[in-house]
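Worksheet for the structure shown next.
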């Protein structure tokens, strides 16, 4: 900050802001790493978690008359060049993280890594060595869910924390972040980008017109049985160097094993504006100790969800983050088994389960429709002269196989 002579909140926000049609330019971002995945699952994740996701979102976002959108895929060193080229070939922008970015995450999670005492221990040559982030080498961290310790590897903590870099995308008026297992309601959201799955544009309009606000977060879908203040599978942020530096400084300060983030303990004050059933907002003020979990060690409390709670609800609480009702994860009926990058047999068994009824059946029907739309888009991409044509063809075949699943298929 001193070297650049910047007033961070003003000078480094919205460097571009306008898209090709003169509308506010909004990034829709995902973060991709293979560090917490088996080597043979990389292609499957690329197909269902990245390329299919990009195709589906392109299909919907191009219909917007309120914003210009650009899909941004944040990748680390584990994503190979041919996979990056395939992402770019679908019209998305690839935002590669540098060695310094990964070193930041390494230092931030040093409590969970063996022998980390300073920057030299997080050098690039060490981080890219086989097994550096693996559970076998590093061991297990854990969080508490309903009083029980749940394993959470350092690799997964780091993978989920790549999303903090959306705050650095200051060339956009706003960034919508989605996890790769959050899918749109296909044709049902095309006109309004609203509905039971994603209320993106409603949230964006509020954020744009509320000058003091900087973030929209979501309450967990299964609250309070999944007791954390925010679920970072979906959020919208006005990016700024100020917010990014606050996030990185907080990460480097670490999460104390007893007192949580910043050593603030259960007495840490948190504030937000809660969205009511009628769409109105009510200001909420409480402490970590008064929340259902009672301390900082809720699900991913020592990872990204705790970091976002600490930064936006505690350190920057005067800006009153808006907390909205959870969006619908379309795999929710089967807790991950109906993701488009799940093993094919597992996926087919999930979506053809004859016991499913009501909303579960509807969401999985959407997912079958998603697979068909993604297959069509990837088949079209495979027909173009491109070095990624073979990858597109493989992924299109995979999506066709998924679209063929359904009640009575298996």
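In my numbering, the protein residues as written are 1245 to 1654. All residues carry an ideal CB built from backbone N, CA and C; glycine is no exception. Keep in mind the model is a prediction, meaning the values are calculated, not measured.
Burial state of residue i, where buried means 16 or more other Cβ atoms lie within 10 Å
i            : result
residue 1462 : buried
residue 1583 : buried
residue 1627 : exposed
residue 1342 : exposed
residue 1543 : buried
residue 1611 : buried
residue 1453 : exposed
residue 1443 : buried
residue 1373 : exposed
residue 1599 : exposed
residue 1268 : buried
residue 1407 : buried
residue 1497 : exposed
residue 1473 : buried
residue 1545 : buried
residue 1455 : exposed
residue 1364 : exposed
residue 1362 : exposed
residue 1624 : exposed
residue 1288 : buried
Beta-carbon proximity list for residue i, same chain, < 7 Å, skipping 5 on both sides
i            : result
residue 1503 : 1509
residue 1524 : none
residue 1488 : 1411 and 1412
residue 1457 : 1451, 1563, 1564 and 1566
residue 1615 : 1584, 1643, 1646 and 1647
residue 1305 : 1272 and 1313
residue 1554 : 1494, 1505 and 1506
Through-space distance from residue j to residue i, alpha-carbon basis
i            : j            : result
residue 1551 : residue 1493 : 11 Å
residue 1447 : residue 1321 : 33 Å
residue 1438 : residue 1367 : Low confidence applies here, because residue 1438 scores a pLDDT of 43, under 50, leaving its location unreliable; read the following figure in that light. Distance between the alpha carbons of residue 1438 and residue 1367: 44 Å.
residue 1539 : residue 1345 : 29 Å
residue 1511 : residue 1561 : 15 Å
residue 1635 : residue 1549 : 34 Å
residue 1632 : residue 1276 : 18 Å
residue 1369 : residue 1629 : 36 Å
residue 1279 : residue 1421 : 20 Å
residue 1324 : residue 1533 : 44 Å
residue 1557 : residue 1645 : 44 Å
residue 1592 : residue 1515 : 43 Å
residue 1351 : residue 1529 : 32 Å
residue 1648 : residue 1620 : 13 Å
residue 1299 : residue 1601 : 28 Å
residue 1335 : residue 1307 : 15 Å
residue 1547 : residue 1405 : 7 Å
residue 1490 : residue 1505 : 13 Å
residue 1650 : residue 1617 : 16 Å
residue 1360 : residue 1464 : 33 Å
residue 1500 : residue 1449 : 37 Å
residue 1318 : residue 1274 : 6 Å
residue 1426 : residue 1355 : 30 Å
residue 1597 : residue 1613 : 17 Å
residue 1495 : residue 1303 : 36 Å
residue 1445 : residue 1295 : 23 Å
Contacts around residue i, its chain only, beta-carbon distance under 6 Å, and the 5 residues preceding and following it disregarded
i            : result
residue 1292 : 1584 and 1585
residue 1537 : 1471
residue 1297 : 1424
residue 1388 : Note that residue 1388 scores 49 on pLDDT, short of 50, meaning its location in the model is unreliable; the coordinates nonetheless yield the value given after this. Cβ neighbours of residue 1388 beyond the five flanking positions: 1541.
residue 1290 : 1327
residue 1330 : 1632 and 1635
residue 1517 : 1525, 1527, 1564 and 1566
Own chain residues within Cβ distance below 8 Å of residue i, not counting five before or after
i            : result
residue 1520 : 1526
residue 1332 : 1338
residue 1637 : 1622, 1623 and 1626
residue 1513 : 1529, 1530, 1531, 1558 and 1561
residue 1418 : 1268, 1270, 1271, 1448, 1451, 1452, 1480, 1481, 1482 and 1483
residue 1568 : 1443, 1447, 1460, 1461, 1462, 1463 and 1519
Closer than 8 Å to chain C by CB, residue i
i            : result
residue 1634 : In the structure shown, chain C does not exist; there is a single protein chain.
Q. Is it true that the segment 1583-1597 meets the segment 1471-1486, where meeting means three or more beta-carbon pairs spaced less than 8 Å apart?
A. In the pairwise beta carbon analysis, the segment 1583-1597 is classified as not touching the segment 1471-1486: fewer than three pairs are separated by under 8 Å.
**Q.** Complete alpha helix (DSSP H) runs within the segment 1496-1563 (minimum length 4 residues, chain order)
**A.** If we require 4 residues or more, the alpha helix (DSSP H) runs fully inside the segment 1496-1563 come out as 1548-1552.
Q: Ignoring anything shorter than 4 residues or poking outside the segment 1302-1344, list the alpha helix (DSSP H) runs there in chain order.
A: DSSP runs (the alpha helix (DSSP H)) wholly in the segment 1302-1344: 1325-1333.
Q. If you pair each beta-carbon of the segment 1594-1613 with each one of the segment 1633-1642, do three or more pairs fall below 8 Å?
A. Touching, no, given that fewer than three Cβ pairs across the two stretches are closer than 8 Å.
Q | Sufficient close CB pairs (3 or more, under 8 Å) joining the segment 1413-1422 to the segment 1482-1498 | A | Under the Cβ criterion (8 Å, minimum of three pairs), the segment 1413-1422 counts as touching the segment 1482-1498.
Q: May I ask you to verify whether the segment 1304-1313 touches the segment 1262-1270, counting CB pairs closer than 8 Å and requiring at least 3?
A: Counting Cβ pairs under 8 Å, three or more are found: they touch.
Q: At 4 residues or longer, and completely inside the segment 1562-1648: list those alpha helix (DSSP H) runs for me, N to C.
A: List check, alpha helix (DSSP H) in window: 1588-1595, 1602-1626 and 1633-1647.
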